[in-house]
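Protein chains: 2
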Amino acid sequence: MDRIVIVGGNAAGMTAASRARRCDARLRITVLEKSPNVSYSTCGIPYFVAGDVEADDLIAFTPARLRSERGIEAWTGVAVDNVLPSRRRVEGVRLDTGERVRWGYDRLLLATGVRARIPAIPGTDLEHVFSVTTLEDAVRLRPVMEASGRVAIVGAGYVGLEMAESVRRMGKRVTVFESRDHVMPSMDADMARVVAYELERHGVGVRTSSPVEALVGADGRVTGVKAQGGPGPEPADAVLLDTGVVPDTALAQGAGVRIGATGAIAVNDYMETNVPGVYAAGNCAEAFCRQRRRPVIHYVGTVAAKQGRVAGENLAGGRSRFAGTVGTTVLKVFDMAVGRTGLSSNEAARERVRTVSARIEAQDRAAYYPTARRIWVKLIVDRDSRRVVGAQSVGYGDVAKRVDVAAAAITSGLTVDALSQLDLGYTPPYGSLWDPLLVAAQAVLRKL
Amino acid sequence: MDRIVIVGGNAAGMTAASRARRCDARLRITVLEKSPNVSYSTCGIPYFVAGDVEADDLIAFTPARLRSERGIEAWTGVAVDNVLPSRRRVEGVRLDTGERVRWGYDRLLLATGVRARIPAIPGTDLEHVFSVTTLEDAVRLRPVMEASGRVAIVGAGYVGLEMAESVRRMGKRVTVFESRDHVMPSMDADMARVVAYELERHGVGVRTSSPVEALVGADGRVTGVKAQGGPGPEPADAVLLDTGVVPDTALAQGAGVRIGATGAIAVNDYMETNVPGVYAAGNCAEAFCRQRRRPVIHYVGTVAAKQGRVAGENLAGGRSRFAGTVGTTVLKVFDMAVGRTGLSSNEAARERVRTVSARIEAQDRAAYYPTARRIWVKLIVDRDSRRVVGAQSVGYGDVAKRVDVAAAAITSGLTVDALSQLDLGYTPPYGSLWDPLLVAAQAVLRKL
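Going down the list, the protein sequences come from chains A and B. Sequential numbering from 4 applies to the first sequence in this note's numbering. Sequential numbering from 4 applies to the second sequence in this note's numbering.
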């Protein structure tokens, strides 16, 4: 009766636990989570902050239900602080009682996730300055948002923009500060411009090329944000930091687990680390990029869940392989859907891929159909191989479909020629005779 | 200055004309269409009948605009009845004056489309019995629908079901008769059952396994439908026939153009027929099925438009190739989206492909998100090669996305293993952490 211990009870950890249980009913499976909750939807946090859903809605399983329905022992409030691979043991502390605890394992999964990267600027320790990586962060910040008049968001990545929408919908004055020259830095500037327009259309202030130099405060509480080149501190009653996350690898490092060049835990396709019996999965681990042919960090729940599933099968004695990622992300920014997959133009340039790209504007379904909405699609193609290397889409209509089809095309190594004739479905209520993705492919072909 | 003549002014013909013009500004391009309209959306007809859109909305270009904006000479009301390849000439008649007319060509495209297949049963010549293949059919039948209390629809293919919705939404009593044992015969019975439920939920009578033996009438006008096994004629003030279409090949046959085993015009990848200088495209022509590796007939606008585009490039001197079809179809049936791509279980069996399939039920986005809706996904996989051979989806949410991604997967020859880990986009408002397509792939993998 092998003992499986999993450190971390979210996307990767819980998926692994459930999958291992499915594969082998006899395993003893223990999940150790330092926060008060396991198995919740991190991606749903902005909708909890906006009041669209309750915190409980985001939680799929309580420890009690995991035990009774899945036979998984889940401990919350347990901070694991030591792994001894030679003795196949983990040690930690119960945060409620301070008691030292330990578990023996036959196979161990590290699914410790990320921690917020706090920028090295003055004022981040002021009150009412928050990062948003856990549900507990969100529960803590929500009443402060409610009591605030002006909220500043530092960083215009997808978490920053989702939070900007949520807080704006609470009726607050919101300003987003981004150090780079456009919002959504993982997208190209020409597409990001449309997203910035949507933010501004809904009354969100957008300050690009505005690295924040300091958070200023009074009586220990934040009162403003000082950005480079700005006229002076802009007032803010609260600040949300979307300044990146870093893989939480402290436990791994202490156990002699190898950290990769990306800063995340190095794993092979089986989610095995260099230490026998120790696996890693989720955002603390590297993910193989199918296009770059090397490990990257891609902080999304889908990759964490997929890695967790692979790890779970292997914890149960299987030999499953993680197939890698193409970097697909979609998000909602007010009425606009935003998505990207593969490499952006900048990312491709960094890989020395010579690209040609085209951007088109189209209705997302038959233009005469009442629910037709405008979207933009950009396609990035390798000039030499003619393969699709990236796609981006934004707009008021069905963006996610085009991004997902492009993700499938990129994964399959489809050329732009093949993509331009893909047999996609059409009926006026749901699509276009010439899908915008095909129109974008035609536009690229004219340039090749 | 080469002369291009195109017979037929809809999806294939007009796409070809526009594309040829784009490729070569000097060509003389003439389109000859026997009906009163060119360049309209056949797929939009059900929405015109329901009153969602006007007939004019469906018409992209008038002959006057084609001339002034694209330099394309389009003649409506001209019935071409003779092609003389040896003299590179077509002859016809002006339907308004009865005058004989003729045009010389250097390259000719036959885009003559389809005509309705009228079943060999008594009563199809009664008044208020309609087939629906052209906009003119729809204009003619709409007032009759308005004046009718009960409408019978013979055939439950996608046109029949779209018309059933449209006429039902006009407040009529509607009954659909289908000879086979389920609606949407191009789908599997287990998926079609969900569609039948949706029809019945909206008050449409569904009679499957009910081949119609006769239409009955009085004073030359239809009064009822007599189906096999039924208790007697069921009353109907009007009847719509969705009993299939046949490629309109009369002109081609007269010109010595070879007809394929399917009954449609045989073409190569360049849309060339066996007769030098004569091309064919659209629903009168065969389409290469990528999975069966042989020509099929696939009566959808997207295939017609793609073939037309290829033909247009080649009419202008290019050497473009049509990449073939995987049989993707989507439609709307009341609140339900319905789609299929690749081979159905029956179609795969006919090709002697040994398949394994799985059907799953899922929310189309995060279950806690307010707009989440239930969908069903069925995946059909080649047991030997493990490749995806078909996918079907129905439901109240985002079905079209899953069908299009599956179409891309099938086109690329993706295995179910690869599909199960596809890096699809996720955010609670637009998708699921585990996309239903991936869940279906996992379900198939458990059976393999």
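Note that beta-carbon positions come from the ideal geometry of N, C-alpha and C, so glycine has one too. Note that the coordinates shown come from a computational prediction; the quantities given were computed from them, not determined experimentally.
Contact belief for residue i with residue j at Cβ below 8 Å, rounded distance in angstroms
| i | j | result |
| --- | --- | --- |
| Val228 (chain B) | Arg145 (chain B) | That pair is no contact at about 20 Å. |
| Phe133 (chain A) | Leu244 (chain A) | 7 Å |
| Pro49 (chain A) | Glu165 (chain A) | 4 Å |
| Ala20 (chain A) | Ile75 (chain A) | 5 Å |
| Asp426 (chain A) | Thr328 (chain B) | 5 Å |
| Val41 (chain A) | Trp106 (chain A) | The pair is not a contact, with the Cβ atoms about 16 Å apart (cut-off 8 Å). |
CB contact flag (residue i, residue j, <8 Å)
| i | j | result |
| --- | --- | --- |
| Val96 (chain A) | Tyr108 (chain A) | no |
| Thr211 (chain A) | Asp191 (chain A) | no |
| Gly47 (chain A) | Tyr371 (chain B) | yes |
| Val207 (chain B) | Val248 (chain B) | no |
| Val303 (chain A) | Leu346 (chain A) | no |
| Ser396 (chain A) | Ile413 (chain A) | no |
| Glu130 (chain B) | Gly223 (chain B) | yes |
| Ala123 (chain B) | Ala319 (chain B) | no |
| Ala241 (chain A) | Val225 (chain A) | yes |
| Ala361 (chain B) | Ala421 (chain B) | no |
| Thr332 (chain B) | Gly342 (chain B) | yes |
| Glu36 (chain B) | Thr79 (chain B) | yes |
| Leu218 (chain A) | Gly126 (chain A) | yes |
| Val154 (chain B) | Val186 (chain B) | no |
Boundaries (first-last residue) of the alpha helix (DSSP H) holding residue i
| i | result |
| --- | --- |
| Lys175 (chain A) | Where Lys175 (chain A) is concerned, there is no enclosing alpha helix (DSSP H), given that its DSSP letter is neither H nor E. |
| Ser348 (chain B) | 348-353 |
| Pro439 (chain A) | 439-450 |
| Gln256 (chain B) | 253-257 |
| Thr18 (chain A) | 14-26 |
| Ser423 (chain B) | 419-423 |
| Leu144 (chain A) | 138-150 |
| Leu61 (chain A) | 58-61 |
Residue environment, residue i, which counts as buried when at least 16 other CB atoms sit within 10 Å
| i | result |
| --- | --- |
| Lys450 (chain A) | exposed |
| Pro39 (chain A) | exposed |
| Gln310 (chain A) | buried |
| Tyr200 (chain A) | exposed |
| Glu316 (chain A) | buried |
| Asn13 (chain A) | buried |
| Asn460 (chain B) | Residue numbering for chain B in the displayed model covers 4 to 451; residue 460 (chain B) lies beyond these limits and cannot be assessed. |
| Met4 (chain B) | exposed |
| Ala159 (chain B) | buried |
| Gly16 (chain A) | buried |
| Asn286 (chain A) | buried |
| Glu237 (chain A) | buried |
| Ser388 (chain B) | exposed |
| Thr374 (chain A) | exposed |
| Glu168 (chain A) | buried |
| Arg143 (chain A) | exposed |
| Arg390 (chain A) | buried |
| Gln256 (chain B) | exposed |
| Arg297 (chain A) | exposed |
Limits of the unbroken beta strand (DSSP E) element including residue i
| i | result |
| --- | --- |
| Asp385 (chain B) | 377-385 |
| Tyr399 (chain B) | No beta strand (DSSP E) contains Tyr399 (chain B), which DSSP labels as neither H nor E. |
| Ile363 (chain B) | 358-366 |
| Ile48 (chain B) | From DSSP, Ile48 (chain B) is part of no beta strand (DSSP E) but of the alpha helix (DSSP H) over 48-52. |
| Phe133 (chain B) | 132-134 |
| Ala230 (chain A) | 224-230 |
| Ile156 (chain A) | 153-157 |
| Thr216 (chain B) | In the sequence as presented, Thr is not what sits at residue 216 (chain B); that position holds Glu. That run of the beta strand (DSSP E) goes 215-221. |
| Gly345 (chain B) | 339-345 |
| Asn85 (chain B) | 81-87 |
| Glu94 (chain A) | 92-97 |
| Leu244 (chain A) | 241-244 |
| Val249 (chain B) | 248-250 |
| Arg118 (chain A) | 117-119 |
Per DSSP, cross-strand counterpart(s) of residue i
| i | result |
| --- | --- |
| Lys309 (chain B) | Per DSSP, none; premise fails for Lys309 (chain B). |
| Glu76 (chain A) | A:Thr33 |
| Gly208 (chain A) | A:Thr178 |
| Ile7 (chain B) | B:Ile32, B:Arg110 |
| Val299 (chain B) | B:Ala290 |
| Thr332 (chain A) | A:Arg343 |
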